[in-house]
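Here's the structure we're looking at; comments come further down.
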Amino acid sequence: MARTLVRLEGVSRHFGDVKALDQVDLDIRRGEWLAVMGPSGSGKSTLVNLLGGLDRPTSGRIAFDGVMLADLSESERVRFRRENIGIIFQQFHLFPHLSAVENVMVAQHYHSLADEKEALAALEGVGVLDRAHHLPSQLSGGEQQRVCVARALINQPKLILADEPTGNLDAENEDRVLRLLRDLHAAGHTLVIVTHAPRIGNLADRRVELQHGRLADLTVPSEEIERRYDEVLVQMWSLAEDGRVPEAQRVKVPDVVDNRRTLLGMAESGLIFQPGETLEFTPRGRSRARDLVRRRRLAEVLFSSAMHLSDPEVEVAACRMEHIIDPEVTNSICSFLGHPRQCPHGRPIPAGDCCELPIIS
Ligand code: ADP
Ligand code: MG
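So that you can map any letter, position 188 of the sequence shown is 188 in full-length UniProt numbering, and since no number is skipped, the others follow by simple counting.
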């Protein structure tokens, strides 16, 4: 099975003079969570409509799981969409005269008979089973959006597309819907979420950004990800030193609003155990944290004692240095400084190979 689920090549969609999308190339990989970011009017909904087979490009090719969408007739495209793509819209788009469960049932496969039991199970999955027989007007925004999620999922689509899915929701319902999306991703679904909200974009594996119809990749470079991991490791180390339990909530990742993806990435890389309320080092994570803390604090000593920098300068410079000093040199610096046991702030410096064990007399 190819890794790529959907491939866009040179896709443009023009409306008269307006280039809503302009020469977009994009691969969507199976199982990934892709966020499409961009300001209002940048072409996000146009892209959703094309990916969802609701519209055709002016030029360019879209291959969906090996099928060229342009080769399908109108009725084939409708059928293809039903069977392969689940779409969650900002403006819910529920039929006002149908109940929640009926709204889910109309989305069921063409050929299988509409199955109420299956539709009810889908509503149960998103936590609105008790609203199954209500009309959309009798549901809150959050409940309507969850019905939409159930409707989008009913045919086990290969791709779940969401266009500003929480744009019309309050914070509590936004969290609910985001949790649902997170669960879907964890269960292996491929998710494309269009949003202008960085908080939502940051939950994704990968971010791309549209600007005036053109696409730019915002993938975080791997060094940046490693730097975030290091920052978390150092924070965990310091918390433990203070005798505090490293709570997942207390750990702050620079430039990241929701630290959960970072923590999951760290677990996948074997640095911490699967994050729950609290965080725990794996042996490898502990050793990397120890090494980082050692380098950072030695650099602090170096800057303050040997170079007479002021306190704030010491901190900033030391944080930068820990990534520059290589382990060999760390031991030399440690020896040069006389194997200090404390940084200028009185925090202990983990001993290295170069440090003699203290002679206890
Ligand atoms: P976004 O979802 O990022 O806010 P859209 O994809 O809705 O942006 O729109 C991108 C651009 O294309 C905008 O300038 C918009 O006015 C234009 N546009 C979108 N759909 C149409 C349409 N059906 N007819 C004419 N212009 C359109
Ligand atoms: Mg839009």
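C-beta: ideal position from N, C-alpha, C; glycine also.
I'd like to check one pair, residue j with residue i: are the Cβ atoms closer than 8 Å?
i: V128; j: A152; result: no
i: G52; j: L161; result: yes
i: L233; j: A306; result: no
i: A63; j: V6; result: yes
i: C46; j: R81; result: Note that residue 46 is Thr in the sequence shown here, rather than Cys. Not in contact: T46 and R81 (Cβ atoms no closer than 8 Å).
i: P157; j: I85; result: yes
i: V126; j: G60; result: no
i: V149; j: L120; result: no
i: E223; j: V253; result: no
i: G213; j: A20; result: yes
i: G352; j: N331; result: yes
i: L26; j: L8; result: yes
i: R176; j: G142; result: yes
i: F95; j: Q144; result: no
i: V251; j: L292; result: no
i: N173; j: Q90; result: no
i: G188; j: G31; result: yes
i: V48; j: D163; result: yes
i: R295; j: I272; result: no
What is the DSSP secondary structure of residue i, counted as helix, strand or coil?
i: K19; result: strand
i: L239; result: helix
i: P246; result: coil
i: P350; result: coil
i: F80; result: helix
i: E231; result: helix
i: V293; result: helix
i: S361; result: Note on S361: pLDDT 48, under 50, position unreliable in the model; no value is reported.
i: S12; result: strand
i: P344; result: coil
i: T190; result: strand
i: L210; result: strand
i: R260; result: helix
i: D27; result: strand
i: A107; result: coil
i: R61; result: strand
i: F281; result: strand
i: R3; result: coil
i: V251; result: coil
i: A204; result: coil
i: G86; result: strand
i: residue 363; result: In this structure the chain extends from 1 to 361, so residue 363 is not present and cannot be described.
i: L178; result: helix
i: L271; result: coil
i: A100; result: helix
i: L94; result: coil
i: L50; result: helix
i: L215; result: strand
i: A70; result: helix
i: L184; result: helix
Enumerate in chain order the residues of its own chain whose CB-to-CB distance from residue i is below 6 Å, with the five nearest sequence positions on each side excluded.
i: H339; result: C355
i: I154; result: V104, A107, Q108, A122
i: L239; result: P246
i: W33; result: H185, L191, A204, D205
i: G270; result: T282, R284
i: P136; result: L94, P96, Q144
i: Q235; result: V251
i: M321; result: A299
i: E209; result: M37, G38, A216, L218
Return the chain-ordered list of same chain residues with a C-beta closer than 7 Å to the C-beta of residue i, the five sequence neighbours on each side being excluded.
i: T343; result: First, the residue type needs correcting, since residue 343 is Cys and not Thr in the sequence shown. Excluding sequence neighbours, C343 sits near R297, E300, V301, I349.
i: L184; result: I160, L191
i: G201; result: A35, M37, T195, R207
i: E277; result: E247, A248
i: P57; result: V11, S12, R13, L50
i: R131; result: A100, L139, E143
i: L72; result: F80
Who are the near neighbours of residue i in its chain, counting only those whose CB is closer than 8 Å to its CB and skipping five residues on each side?
i: P275; result: A248, R260, L263, L264, M266, A267
i: R29; result: R3, T4, L5, T190
i: residue 381; result: Absent from the structure is residue 381, since the part of the chain shown begins at 1 and ends at 361.
Does residue i get closer than 8 Å to chain C when you measure Cβ to Cβ?
i: G52; result: In the displayed structure, chain C is absent; only one protein chain is listed.
If you scan the region 297-331 from start to end, which runs of the alpha helix (DSSP H) of 4 or more residues do you find wholly inside it? Counting whole runs of 4 or more residues, the region 297-331 contains the alpha helix (DSSP H) stretches 311-321.
Scan the region 113-137 and note each continuous alpha helix (DSSP H) run of 4 residues or more that stays entirely inside, going in chain order. 116-125
Give me every residue whose Cβ sits closer than 6 Å to any heavy atom of the ligand ADP, in chain order. F15, V18, A20, G38, S40, G41, S42, G43, K44, S45, T46
Taking the runs of the beta strand (DSSP E) that are 3 residues or longer, which of them lie wholly in the region 133-176? 159-163
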